[in-house]
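Asks:
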Amino acid sequence: MNFIEELFYGNIHPNERSFSQDSQYEKAISVISKNEDILTEELEGKLKSQFLDLVNTQSEINGIAAYESFLDGFILGAGFMRDTFLTEHKRLFKDV
């Protein structure tokens, strides 16, 4: 199978990535998770509902931003390919 087929059939998962357990990213995720657990446990009623709405909406925004970045990568890559293979380049020097 070629790359496009692999992606189409779900054999490539560009959004699944791992990270080092001692990385800055892991530390930030740990802080967020710890504080989210504490606030979910401590808050009640309307405040808890509003907090959970905030968390869920932020997650949705993160997903949208990730999709847009993924799409931008394809568009940028396609632009590079177009210019590389379809645009005539005026070269001062010739290959030897």
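Quick note on numbering: the sequence shown equals residues 55 to 150 in my numbering. The beta-carbon is built from N, C-alpha and C at its ideal position, and this holds for glycine as well.
Quick one: what does DSSP say Arg136 is sitting in, helix, strand or coil?
Replies: Here Arg136 sits in helix by DSSP.
Asks: I'd like to know if the segment 123-130 and the segment 98-114 are in contact, where contact means that at least 3 CB-CB pairs between them fall below 8 Å.
Replies: Short answer: they don't touch.
Asks: Provide the residue span of the alpha helix (DSSP H) that contains Leu146, from first to last.
Replies: Segment: none, Leu146 is in no alpha helix (DSSP H) and carries neither H nor E.
Asks: Using a Cβ-Cβ cutoff of less than 8 Å, which residues in the same chain neighbour Ile66 once the five nearest sequence positions on both sides are dropped?
Replies: Excluding residues within five positions, the ones whose Cβ falls inside 8 Å are Phe57 and Glu60.
Asks: Rank Lys144, Tyr121, Asn116 and Gly133 by C-alpha distance to the C-alpha of Pro68 and give the top, closest one.
Replies: Checking every option, the nearest Cα to that of Pro68 belongs to Tyr121.
Asks: In three-state terms, what does DSSP make of Gln104?
Replies: Looking at Gln104 - three-state DSSP - the assignment turns out to be helix.
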